Amino acid sequence: MIEINATMIAQVVNFLILVAILRALAYEPVAKMLKQRSDKIQNSLDQAAADRKAAEQTLAQYKNQLAEANRKAQEIVDRAELTARQERDALVAETKREIERMKQNAQAEIQNERNRAFEEMKSEIVTLSLQAAEKIVAKNLSAKENDKLVNDFISGLNSNMFNAK
Amino acid sequence: MEHIGVRETVKFLGLTFNWETLCMTWLAMAIVIIVSCLAVRSLKLVPSGWQNFIEMIVVWLHEQLEAMMGKKRGMQFAPFIVSLFLFLLTCNLLGLIPFLESPTNDLNTTLGLALLVVALVHFFGLYFKGGHYIAHFFQPVAPFVIINMIEEIAKPITLAFRLFGNILAGEILIIVLLHLTENPFWLSLPSVAWLGFSIFISCVHAVIFTMLSMAYLSNAVKEE
């Protein structure tokens, strides 16, 4: 029933022939196809990863640009506010200076007016004094009357002066 | 049943050959080659039909080889292992078709393949590892060479007889079941059940023979 004979060697040869044929006709093409598929999948994955990275970079770039634009806009607004504040302050200071100058001018003018009025009054006093002297001399009054006349004039003069002031 | 195990022989150049075994082997080879050629006739990047089947087997065996021997060396043995599996699967299943028989129900086939595997194991072991391969038979201590030799001799014997015994027993039982009764109902039921189980056994033993061959090869040649 069990007999080992030359069939064994023939089977080994048969199998080796089968290996050679299968390797050439079937295995190599299948292995090549599997390699191609594996490479393609790997390439697709690599490409997808690269695309994702590029997309993330673009997004980050856009975010940076947006942040930069916001910063610049804020800077412009801040600068405008600062300029406006400086101009307002300058205007207020100028106005204050103008007011001060006008005030000083007014005071100076008042002082001048006062001085001028005082000068006028002094000349008026001199004139009146001369007139009084003329009257005294004309009437030739006694010494007592003369003193009275002078005192009256002076008292009258003082009251006039203070009233005028 | 007297014809079980009796083989028609032919003489050629003074050598005796089991003619039926050779014919069945050529038939199995033809089936494997035709199916493989049909499967790879128009390979597509997106597989369909038979391409799926052949790719499934190739990918599965690639994974096993890579796990056992490493990628580079595993791929060197892949054509041999894929051919071995497809050939054994076809041979085992061939005997389940009426009027045909499995080439693997002949010890000449299984022992031939087992000896080929063991010869390859030692050849590539020496080729890749040189003196270290010889030295490993004397480990852990020199007297262990006896046990290691017994193991090495047992390898092809167990490999060959396991496959031969299972396939022959399966085919004998198919014949025995057909002779149990004359009633067609009771005749068909166990036969069909046993046929289904034999298909499973055929696949399992093709896998076992291939996996053990890979294991023996990997012990000898795997990348350190």
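One line per chain: the protein sequences are A and B, in this order. Counting from 1185, one number per residue, gives the positions in the first sequence under my numbering. Counting from 37, one number per residue, gives the positions in the second sequence under my numbering. Glycine included, C-beta positions come from ideal geometry on N, C-alpha and C. Note that the structure is a prediction, hence the values are computed from the model and not measured.
Chain B residues whose Cβ lies nearer than 8 Å to that of residue i
i, result
"residue 1229(A)", "Result: empty, since nearest Cβ-Cβ is about 15 Å, beyond 8 Å."
"residue 1224(A)", "81"
"residue 1236(A)", "Residues of chain B passing the Cβ test: none, with the nearest at roughly 24 Å."
Span of the alpha helix (DSSP H) around residue i
i, result
"residue 51(B)", "Here residue 51(B) belongs to no alpha helix (DSSP H); instead the beta strand (DSSP E) covers 51-54."
"residue 1196(A)", "1191-1206"
"residue 194(B)", "180-214"
"residue 157(B)", "143-165"
"residue 254(B)", "220-257"
"residue 120(B)", "107-130"
Interface flag, residue i vs chain B, CB-CB below 8 Å
i, result
"residue 1232(A)", "no"
"residue 1189(A)", "yes"
Chain A within 8 Å of residue i, Cβ atoms only
i, result
"residue 99(B)", "no"
"residue 143(B)", "yes"
"residue 73(B)", "yes"
"residue 247(B)", "no"
"residue 52(B)", "yes"
"residue 44(B)", "no"
"residue 194(B)", "no"
"residue 218(B)", "no"
Cβ shell of residue i (< 7 Å), same chain only, five flanking positions each side left out
i, result
"residue 140(B)", "124, 127, 128, 146, 199, 200, 203"
Own chain partners of residue i with C-beta closer than 6 Å, once the 5 adjacent residues on each side are dropped
i, result
"residue 122(B)", "68"
"residue 63(B)", "none"
"residue 91(B)", "83"
"residue 1349(A)", "Note that residue 1349(A) scores a pLDDT of 46, beneath 50, so its modelled location is shaky and nothing firm can be said."
"residue 254(B)", "104, 105"
"residue 174(B)", "181"
Residues near residue i by beta carbon distance below 8 Å, same chain, minus five either side
i, result
"residue 1225(A)", "none"
"residue 227(B)", "210, 213, 214"
"residue 80(B)", "87"
Minimum Cβ-Cβ distance from residue i to chain D less than 8 Å
i, result
"residue 102(B)", "Considering every chain present, this structure includes no chain D. Its protein chains are A and B."
Anticipated Cβ contact below 8 Å, residue i with residue j, distance rounded
i, j, result
"residue 138(B)", "residue 44(B)", "Their Cβ separation, rounded to whole angstroms, is 16 Å, which puts residue 138(B) and residue 44(B) out of contact at 8 Å."
"residue 142(B)", "residue 57(B)", "4 Å"
"residue 1193(A)", "residue 148(B)", "7 Å"
"residue 1215(A)", "residue 94(B)", "7 Å"
Neighbouring residues, chain B, relative to residue i (Cβ below 7 Å)
i, result
"residue 1257(A)", "Result: empty, since nearest Cβ-Cβ is about 53 Å, beyond 7 Å."
"residue 1260(A)", "None at all; the shortest Cβ gap to chain B is about 58 Å."
Beta-carbon neighbours of residue i, restricted to chain A and to distances below 8 Å
i, result
"residue 149(B)", "1195, 1196, 1199"
"residue 118(B)", "1206, 1211"
"residue 123(B)", "1199, 1202"
Residue i, enclosing beta strand (DSSP E) - first and last residue
i, result
"residue 46(B)", "45-48"
7 Å Cβ cut-off: residues of chain A touching residue i
i, result
"residue 173(B)", "Under the 7 Å cutoff, chain A gives no residues; its nearest Cβ is about 25 Å from residue 173(B)."
Chain A residues whose Cβ lies nearer than 9 Å to that of residue i
i, result
"residue 228(B)", "Here the premise fails: no neighbours, minimum Cβ distance about 28 Å."
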